[in-house]
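Asks: Taken in sequence, the protein lines are chains A and B. FYI, in numbering that gives the first Met the number 0 the residues of the first sequence are 0 to 300. FYI, in numbering that gives the first Met the number 0 the residues of the second sequence are 0 to 300. Glycine residues also receive a C-beta, built at the ideal position from the N, C-alpha and C atoms. It should be emphasised that the depicted structure is a prediction, and the values quoted were computed from it without experimental measurement.
Number of protein chains: 2
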Amino acid sequence: MRLSSSLAGVWAAALSPLDADGELDLDRLVIHCNRLLAAGCRGISLFGTTGEGTAFSPAERQAGLEAVLAGGIAADRLLPATAFCDVPTTVAITRHAGSLGCPAALLLPPFYMKGVSDEGLFRHYAAVIEALGSRVLPLYLYNFPDLTGLTLAPELVRRLADAFPEVVVGLKDSSGDWSLSSRYLAALPDLDIFLGDERSLQAARRHGGAGTISGMANFIPGELVHLFGHGDDDAAQARIAEAVGKMVAHSFIPAAKAVVADLTREPTWRPVRPPLVEVDAAVGRRLTGALVETGCLAPAA
Amino acid sequence: MRLSSSLAGVWAAALSPLDADGELDLDRLVIHCNRLLAAGCRGISLFGTTGEGTAFSPAERQAGLEAVLAGGIAADRLLPATAFCDVPTTVAITRHAGSLGCPAALLLPPFYMKGVSDEGLFRHYAAVIEALGSRVLPLYLYNFPDLTGLTLAPELVRRLADAFPEVVVGLKDSSGDWSLSSRYLAALPDLDIFLGDERSLQAARRHGGAGTISGMANFIPGELVHLFGHGDDDAAQARIAEAVGKMVAHSFIPAAKAVVADLTREPTWRPVRPPLVEVDAAVGRRLTGALVETGCLAPAA
Numbered sequence: 000m001r002l003s004s005s006l007a008g009v010w011a012a013a014l015s016p017l018d019a020d021g022e023l024d025l026d027r028l029v030i031h032c033n034r035l036l037a038a039g040c041r042g043i044s045l046f047g048t049t050g051e052g053t054a055f056s057p058a059e060r061q062a063g064l065e066a067v068l069a070g071g072i073a074a075d076r077l078l079p080a081t082a083f084c085d086v087p088t089t090v091a092i093t094r095h096a097g098s099l100g101c102p103a104a105l106l107l108p109p110f111y112m113k114g115v116s117d118e119g120l121f122r123h124y125a126a127v128i129e130a131l132g133s134r135v136l137p138l139y140l141y142n143f144p145d146l147t148g149l150t151l152a153p154e155l156v157r158r159l160a161d162a163f164p165e166v167v168v169g170l171k172d173s174s175g176d177w178s179l180s181s182r183y184l185a186a187l188p189d190l191d192i193f194l195g196d197e198r199s200l201q202a203a204r205r206h207g208g209a210g211t212i213s214g215m216a217n218f219i220p221g222e223l224v225h226l227f228g229h230g231d232d233d234a235a236q237a238r239i240a241e242a243v244g245k246m247v248a249h250s251f252i253p254a255a256k257a258v259v260a261d262l263t264r265e266p267t268w269r270p271v272r273p274p275l276v277e278v279d280a281a282v283g284r285r286l287t288g289a290l291v292e293t294g295c296l297a298p299a300a
Numbered sequence: 000m001r002l003s004s005s006l007a008g009v010w011a012a013a014l015s016p017l018d019a020d021g022e023l024d025l026d027r028l029v030i031h032c033n034r035l036l037a038a039g040c041r042g043i044s045l046f047g048t049t050g051e052g053t054a055f056s057p058a059e060r061q062a063g064l065e066a067v068l069a070g071g072i073a074a075d076r077l078l079p080a081t082a083f084c085d086v087p088t089t090v091a092i093t094r095h096a097g098s099l100g101c102p103a104a105l106l107l108p109p110f111y112m113k114g115v116s117d118e119g120l121f122r123h124y125a126a127v128i129e130a131l132g133s134r135v136l137p138l139y140l141y142n143f144p145d146l147t148g149l150t151l152a153p154e155l156v157r158r159l160a161d162a163f164p165e166v167v168v169g170l171k172d173s174s175g176d177w178s179l180s181s182r183y184l185a186a187l188p189d190l191d192i193f194l195g196d197e198r199s200l201q202a203a204r205r206h207g208g209a210g211t212i213s214g215m216a217n218f219i220p221g222e223l224v225h226l227f228g229h230g231d232d233d234a235a236q237a238r239i240a241e242a243v244g245k246m247v248a249h250s251f252i253p254a255a256k257a258v259v260a261d262l263t264r265e266p267t268w269r270p271v272r273p274p275l276v277e278v279d280a281a282v283g284r285r286l287t288g289a290l291v292e293t294g295c296l297a298p299a300a
């Protein structure tokens with residue numbers, strides 16, 4: 000059923016290109032978004048983990064979203080990550096995204112404190128939703144335990160979805176843990192469950208998952224769109240899993256930028272914001288070659 | 000030598016009292032700061048971990064600092080925590096603190112990404128310092144691995160202090176790991192090392208530590224000021240360690256607010272911002288009793 004969600008599909012968790020001053024390169028970002036949409040992506044998630052979202056200020060993230068819209072990307076193709084650790088900033092940035100027509104927003108839990116209770120996480124999300132008031136929009140919770148030190152328990156997501164129907168409409172799971180992903184899929188059949196781990200995309204689809212919000216989609220969008228569209232293609236899933244394996248041997252975000260730099264022949268794609276550190280162009284070349292070997296990428300012309 | 004630092008002493012990592020709407024209760028905060036200063040604290044660290052800093056927006060933190068100053072607390076008694084995950088916000092809030100006359104600021108590393116390199120952390124802090132430019136102020140790095148998932152290696156702190164002398168002037172270590180704290184003390188004899196763990200205050204002082212930035216100081220400031228002032232008092236250190244043990248059996252911040260609520264007979268001290276959850280008044284009463292038993296608190300009149 001969730002496959003029928005209007006937001007189902009492959010969303011690219013877009014990388015954030017930088018200019019020579021380390022500022023967001025808006026022209027390049029629009030070109031990148033258009034390329035991903037042309038490859039069949041349902042849309043673009045801006046300023047998530049892959050987009051180095053936490054390295055950009057609230058004002059930079061608002062300006063970036065506005066610029067992408069001004070560049071001609073339709074608002075219903077944009078799913079921005081809008082969470083900060085504090086409620087007021089989260090409310091402001093989420094409301095801004097809604098006011099511009101984004102169909103939903105993606106919300107991490109507050110990620111500084113550790114060992115917090117489900118009750119505390121419930122209160123945080125409830126406070127955000129109540130403060131949004133009549134300007135609320137559909138929200139996807141974002142589970143990424145490796146980076147937040149917190150796991151959004153399926154029971155917590157259930158409680159939020161029941162308390163705020165048509166607001167808490169789904170979840171992105173970047174746990175990389177299929178046993179947890181399958182628990183979300185089983186416990187939340189009415190919600191859109193997106194996986195961050197492309198290695199489980201086929202399995203998730205078979206269990207009613209709504210798709211993926213994917214860092215790999217920055218450079219192999221077509222393969223992911225194919226797999227999600229066809230559902231049953233073990234060979235495609237195996238190719239994708241092999242490609243993921245090549246990438247995660249490196250720090251993913253700098254490696255992904257280096258791959259895009261190599262594919263586009265634009266070395267200025269490589270820089271990242273601190274605390275990340277860019278990788279050499281040679282790493283990008285090697286990785287592109289490895290991705291071609293998996294069959295996920297066509298050889299360069 | 001670092002004991003001669005102008006900032007040496009006991010700094011209270013102030014709790015942030017809330018009003019009935021969950022907003023910062025500025026009047027109560029000023030009263031609390033004055034009480035801590037009257038007890039002999041060198042000063043107050045605002046909006047650190049104990050102050051639930053990450054639950055307040057940049058604007059709230061700026062307004063809070065301004066209100067405390069307007070309430071009559073001298074700027075040289077205030078050491079605000081001013082770090083956010085992104086460089087632009089960190090620069091803005093740090094610059095604001097310096098413009099108001101604060102003698103220094105306390106800076107967490109960017110705490111979303113994990114597994115980042117020392118080079119990446121160096122670049123983050125360097126970017127902050129370079130953007131502050133001529134308006135830079137002395138900075139204390141803030142090591143809290145349990146909450147950030149990152150450890151500031153002594154070699155990284157050394158590199159930053161050498162690259163930015165008279166800017167990177169010290170560190171607060173909340174690792175709770177004396178073996179790491181003693182490495183900082185040994186490797187950085189020219190820097191002010193403050194401990195977050197009051198159980199090691201006497202040991203730190205013996206090894207030249209500059210003092211503590213302490214959550215316990217919210218309710219046992221006198222005992223901490225005594226120990227730091229006298230240096231050698233095993234019995235006082237033992238009492239403090241026992242008091243810490245009583246507190247950390249609970250979630251520290253809600254427990255600390257409940258203790259202050261009990262001591263001041265002001266139950267409105269108890270609420271916390273999500274994702275924390277307040278504890279019952281009975282917990283505060285029990286803990287106050289336990290603190291009296293340790294000898295750190297005088298029995299209620």
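Between which two residues does the beta strand (DSSP E) harbouring B:N142 extend?
Replies: Position 143 of the second sequence, counted from the first residue, corresponds to residue 142 of chain B. Element bounds for B:N142: 138 to 142.
Asks: What does the alpha-carbon distance come out to for the pair A:M0 and A:L105?
Replies: Locating residue 0 of chain A in the first sequence gives position 1, counting from the first residue. Locating residue 105 of chain A in the first sequence gives position 106, counting from the first residue. At A:M0 the pLDDT is 43, less than 50, meaning the model places this residue with poor confidence; the figure from the coordinates comes in the next sentence. When rounded, the distance between both Cα atoms is 21 Å.
Asks: Hey, A:L23 and A:A216: beta-carbon distance below 8 Å or not?
Replies: In the first sequence, the residue the question calls residue 23 of chain A occupies position 24. In the first sequence, the residue the question calls residue 216 of chain A occupies position 217. No, Cβ-Cβ distance for A:L23 and A:A216 is not below 8 Å.
Asks: Shortest alpha-carbon distance to A:G155 belongs to which of A:L190, A:K171, A:D189, A:E118?
Replies: Your numbering for residue 155 of chain A matches position 156 in the first sequence. The identity of residue 155 of chain A in the sequence shown is Leu, whereas the question assumes Gly. The residue with the shortest Cα to Cα distance from A:L155 is A:E118.
Asks: Thinking B:L226 and B:V258 are a contact (beta carbons under 8 Å), I'd like their distance in whole angstroms, please.
Replies: The residue labelled residue 226 of chain B in the question sits at position 227 within the second sequence. The residue labelled residue 258 of chain B in the question sits at position 259 within the second sequence. Their Cβ separation, rounded to whole angstroms, is 19 Å, which puts B:L226 and B:V258 out of contact at 8 Å.
Asks: Below 8 Å between beta carbons: does that hold for A:D191 and A:A7?
Replies: Reading the first sequence from its first residue, position 192 is the one you call residue 191 of chain A. Reading the first sequence from its first residue, position 8 is the one you call residue 7 of chain A. The beta carbons of A:D191 and A:A7 sit closer together than 8 Å.
Asks: For the stretch 89 to 106 of chain A and the stretch 61 to 70 of chain A, state whether three or more C-beta atom pairs, one from each stretch, are separated by less than 8 Å.
Replies: yes
Asks: Would you list the residues sitting across from B:A12 in a DSSP beta bridge?
Replies: Translated into the one-based positions of the second sequence, residue 12 of chain B becomes position 13. Partner(s): B:S44.
Asks: Closer than 9 Å, Cβ to Cβ, to anything on chain B: give me those residues from the stretch 14 to 40 of chain A, in chain order.
Replies: Those residues of the stretch 14 to 40 of chain A that come within reach of chain B (Cβ to Cβ, closer than 9 Å) are G21.
Asks: Please report the residue range of the alpha helix (DSSP H) in which A:V271 lies.
Replies: Taking the first sequence and counting its residues from 1, one reaches residue 271 of chain A at position 272. Per DSSP, A:V271 belongs to no alpha helix (DSSP H) and is neither H nor E.
Asks: Can you list, in chain order, the residues of its chain whose CB lies under 8 Å from that of A:W10, leaving out five sequence neighbours each side?
Replies: Along the first sequence, read from residue 1 onward, the residue named residue 10 of chain A stands at position 11. Exclusion of the five residues before and after A:W10 leaves C40, R41, G42, I43, S44, L78, F193, G210, T211, I212, S213, A216 as the residues of its chain whose Cβ lies within less than 8 Å of its Cβ.
Asks: What is the C-beta distance between B:G50 and B:L14, in whole angstroms, given that I count them as a contact (C-beta under 8 Å)?
Replies: Numbered from 1 along the second sequence, position 51 holds the residue referred to as residue 50 of chain B. Numbered from 1 along the second sequence, position 15 holds the residue referred to as residue 14 of chain B. Right, the Cβ-Cβ distance comes to about 6 Å (below 8 Å), so this counts as a contact.
Asks: Checking the sheet assignment: what are the DSSP bridge partners for A:S213?
Replies: The count along the first sequence starts at 1 and reaches residue 213 of chain A at position 214. According to the DSSP secondary-structure assignment, A:S213 is paired through a beta bridge with A:A11.
Asks: B:R264 and B:K256 look like a contact to me (Cβ under 8 Å); what is the Cβ gap, rounded to whole Å?
Replies: Residue 264 of chain B sits at position 265 when you count from the first residue of the second sequence. Residue 256 of chain B sits at position 257 when you count from the first residue of the second sequence. At roughly 14 Å, the Cβ-Cβ gap does not stay under 8 Å, so B:R264 and B:K256 are not in contact.
Asks: For A:L146 and A:F121, which I take to be in contact (beta-carbon distance under 8 Å), what is that distance rounded to the nearest angstrom?
Replies: Position 147 of the first sequence, counting from 1, holds the residue named residue 146 of chain A. Position 122 of the first sequence, counting from 1, holds the residue named residue 121 of chain A. The pair is not a contact, with the Cβ atoms about 21 Å apart (cut-off 8 Å).
Asks: Closest to B:T301 by CA distance: which of B:V271, B:A103, B:A69 is it?
Replies: With chain B running from 0 to 300 in the structure shown, residue 301 of chain B is simply not present.
Asks: Please identify, using Cβ separations under 9 Å, the residues of the stretch 92 to 126 of chain A that lie next to chain B, in order along the chain.
Replies: L107, P108, P109, F110, Y111, M112, K113, G114, V115, S116, E118, G119, L120, F121, R122, H123, Y124, A125, A126
Asks: Using the Cβ count rule (16 or more neighbours within 10 Å means buried), how would you classify A:R238?
Replies: On the first sequence, position 239 is the one that residue 238 of chain A refers to. Burial call: buried.
Asks: In angstroms with no decimal places, state the Cα-to-Cα distance between B:A74 and B:A96.
Replies: The residue given as residue 74 of chain B occupies position 75 in the second sequence. The residue given as residue 96 of chain B occupies position 97 in the second sequence. About 9 Å.
Asks: Rounded to whole angstroms, what's the CA-CA distance from B:G306 to B:D18? Just pull it up for me.
Replies: The displayed coordinates of chain B run from 0 to 300. Any statement about residue 306 of chain B would go beyond what the structure contains.
Asks: What does B:F55 reach in chain A if we use C-beta pairs closer than 7 Å?
Replies: Along the second sequence, one-based indexing puts residue 55 of chain B at 56. Within 7 Å Cβ-Cβ: D85.
Asks: Residues of chain A with CB under 8 Å from B:T88, in chain order?
Replies: Walking along the second sequence from the start, residue 88 of chain B turns up at place 89. Here the neighbours are S56, P57.
Asks: At which residues does the alpha helix (DSSP H) containing A:L17 begin and terminate?
Replies: Within the first sequence, the letter at position 18 stands for residue 17 of chain A. Segment: none, A:L17 is in no alpha helix (DSSP H) and carries neither H nor E.
Asks: In three-state terms, what does DSSP make of B:S218?
Replies: Position 219 of the second sequence, counted from the start, is the residue given in the question as residue 218 of chain B. Position check: residue 218 of chain B holds Phe in this sequence, whereas Ser was assumed. For B:F218, the secondary structure class from DSSP, reduced to helix, strand or coil, is coil.
Asks: Excluding five sequence neighbours on each side, which residues of the same chain lie with their C-beta closer than 6 Å to the C-beta of A:N33?
Replies: As a position in the first sequence, residue 33 of chain A is number 34, starting the count at 1. Answer for A:N33: no residue qualifies.
Asks: Go ahead and label B:K113 buried or exposed: buried means 16 or more other beta carbons lie within 10 angstroms of its beta carbon, across all protein chains shown.
Replies: Position 114 of the second sequence, counted from the first residue, corresponds to residue 113 of chain B. The residue is exposed, with fewer than 16 neighbouring Cβ atoms inside 10 Å.
Asks: Could you check if B:S180 is buried or exposed, using at least 16 other CB atoms within 10 Å of its CB as the buried criterion?
Replies: Sequence index remark: in the second sequence, residue 180 of chain B carries index 181 (1-based). It counts as buried.
Asks: One question on the structure: do B:L99 and B:Y141 come within less than 8 Å of each other, judged by their Cβ atoms?
Replies: Sequence index remark: in the second sequence, residue 99 of chain B carries index 100 (1-based). Sequence index remark: in the second sequence, residue 141 of chain B carries index 142 (1-based). No, the Cβ-Cβ distance between B:L99 and B:Y141 is not below 8 Å.
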